[in-house]
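As you go down the protein sequences, you meet chains A and B in turn.
Numbering (my numbering) for the first sequence: 124 to 236.
Numbering (my numbering) for the second sequence: 124 to 236.
Even for Gly, the Cβ is constructed at its ideal location relative to N, Cα and C.
There are 2 protein chains.
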Amino acid sequence: MAQPDRPVFVLAGEGRSRDLFPGVTITTNAGENLMLSVVRFEPEASVPVHAHPHEQAGLLVSGRLKFTIGDETRVLEPGDQWLIPGGVPHTVVAVDGPAVALDVFNPIREDYL
Amino acid sequence: MAQPDRPVFVLAGEGRSRDLFPGVTITTNAGENLMLSVVRFEPEASVPVHAHPHEQAGLLVSGRLKFTIGDETRVLEPGDQWLIPGGVPHTVVAVDGPAVALDVFNPIREDYL
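Next up, the structure:
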């Protein structure tokens with residue numbers, strides 16, 4: 124069988140890293156139509172309200188995040204998830220310490236490549 | 124602003140759960156083009172080799188998984204990721220105890236709704 128022409132395994136920490144906002148760092152890896160983004164928040168770090176046409180989903184791996192999607196706000200615990208339709212404004216802040224989340228985008232965000 | 128017509132937050136454990144294989148349980152939640160699937164493996168539980176047209180990506184949350192994608196095999200640790208193009212055969216087994224993974228599919232898997 125032909126092996127895929129992209130790496131199929133990504134070890135923890137590998138990928139393209141960038142500082143997105145003060146105290147917020149992302150490490151991204153992309154397939155064809157799926158992009159994975161590990162987001163690391165320092166305590167109280169935040170992502171200001173924004174929107175993009177890409178659908179976004181994710182899982183909180185550790186820590187606590189106060190997340191607002193549209194007009195709904197929740198404080199999330201590890202294992203909690205989000206499903207954000209394209210175009211819907213959202214914002215997030217790390218509460219009670221640092222946090223790590225996994226975000227997924229479809230289509231891939233060319234601005235994160 | 125209009126609020127999305129689907130739930131945007133999914134608390135840990137919520138979703139549609141099913142036993143996929145002996146010792147392998149999935150809990151799925153879907154947006155429009157993204158599906159999240161939390162996969163819980165009992166020790167030594169496995170998913171036999173299979174393929175599907177959907178692109179699949181994922182992150183190992185806890186435990187260790189021996190993963191084969193195409194003809195490449197790796198033992199993954201928490202934080203490691205996979206990017207599986209559509210149509211590529213893959214198989215996985217939990218090694219050294221239980222494991223929890225997050226899988227993501229595009230498009231959504233209608234068979235998991």
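Quiz item: With C-beta atoms as the reference, is residue 201 of chain A less than 9 Å away from residue 186 of chain A?
Solution: In this structure, residue 186 of chain A lies closer than 9 Å to residue 201 of chain A by Cβ.
Self-check item: First through last residue of the beta strand (DSSP E) which encompasses residue 109 of chain A
Solution: For chain A, the structure presents residues 124 to 236; residue 109 of chain A sits outside this window and is missing.
Quiz item: Are any of the Cβ atoms in chain A nearer than 9 Å to that of residue 147 of chain B?
Solution: With 9 Å as the cut-off, residue 147 of chain B does not count as an interface residue toward chain A.
Quiz item: What residues from the segment 149 to 170 of chain B come within 7 Å of chain A, judged by C-beta to C-beta, listed N to C?
Solution: Those would be 152, 154, 155, 156, 157 and 159, in chain order.
Self-check item: Cα-Cα separation, residue 124 of chain B to residue 208 of chain B
Solution: Because the pLDDT of residue 124 of chain B is 49, which lies under 50, any placement of that residue in the model is unreliable, and the number read from its coordinates should be weighed accordingly. One C-alpha to the other measures close to 36 Å.
Quiz prompt | 8 Å CB neighbourhood of residue 167 of chain B in its chain, flanking five on each side removed | solution = Within its own chain, the residues whose Cβ lies closer than 8 Å to the Cβ of residue 167 of chain B, once the five positions on either side in sequence are excluded, are 146, 216, 217 and 218, listed in chain order.
Self-check item: Interfacial residues, the segment 195 to 214 of chain A to chain B, with Cβ spacing under 9 Å
Solution: For the segment 195 to 214 of chain A, which is checked against every Cβ of chain B, the residues closer than 9 Å are 195, 197, 199, 200, 201, 202, 203, 204, 205, 206, 207, 208, 209, 211, 212 and 213.
Quiz item: Does the Cβ-Cβ distance between residue 193 of chain A and residue 212 of chain A come in under 9 Å?
Solution: By the CB criterion at 9 Å, residue 193 of chain A and residue 212 of chain A fall inside the cutoff.
Exercise. Could you name the residues that DSSP lists as bridge partners for residue 178 of chain A?
Key: The bridge partners DSSP lists for residue 178 of chain A are A:229.
Quiz prompt | Any chain A beta carbon closer than 9 Å to residue 133 of chain B | solution = So yes, residue 133 of chain B belongs to the interface.
Quiz item: For residue 192 of chain B, which residues in chain A fall below 9 Å Cβ to Cβ?
Solution: Going along chain A in sequence order, the residues near residue 192 of chain B (Cβ under 9 Å) are 126, 127, 131 and 132.
Quiz item: When you compare only the Cα positions, how much space is there between residue 159 of chain B and residue 226 of chain B?
Solution: Using only the alpha carbons, I get a separation of about 6 Å.
Quiz item: Looking only at its own chain, which residues have a Cβ that is under 7 Å from the Cβ of residue 197 of chain A, when we skip the five neighbours before and after it?
Solution: Within its own chain, the residues whose Cβ lies closer than 7 Å to the Cβ of residue 197 of chain A, once the five positions on either side in sequence are excluded, are 190, listed in chain order.
Practice problem: With residue 163 of chain B as the anchor, note down where its beta strand (DSSP E) starts and where it stops. | Solution: Residue 163 of chain B -> beta strand (DSSP E) spans 158 to 164.
Exercise. Please name the residue in B:170, B:156 and B:233 whose C-alpha comes closest to that of residue 162 of chain B.
Key: Nearest option by C-alpha distance: B:170.
Exercise. Could you name the residues of chain A that residue 188 of chain B contacts, counting a contact when the two beta carbons are closer than 7 Å?
Key: Per Cβ cutoff of 7 Å: no residues; residue 188 of chain B is ~11 Å from chain A at best.
Exercise. Ignore the nearest five residues each way along the sequence and tell me which others in residue 138 of chain B's own chain have a CB closer than 6 Å to its CB.
Key: These residues qualify, in order along the chain: 150, 151 and 152.
Practice problem: With a cut-off of 8 Å on the beta carbons, I'd call residue 133 of chain B and residue 188 of chain A a contact; round off their distance for me. | Solution: Going by Cβ atoms, the distance from residue 133 of chain B to residue 188 of chain A rounds to 14 Å, so no, they are not a contact pair.
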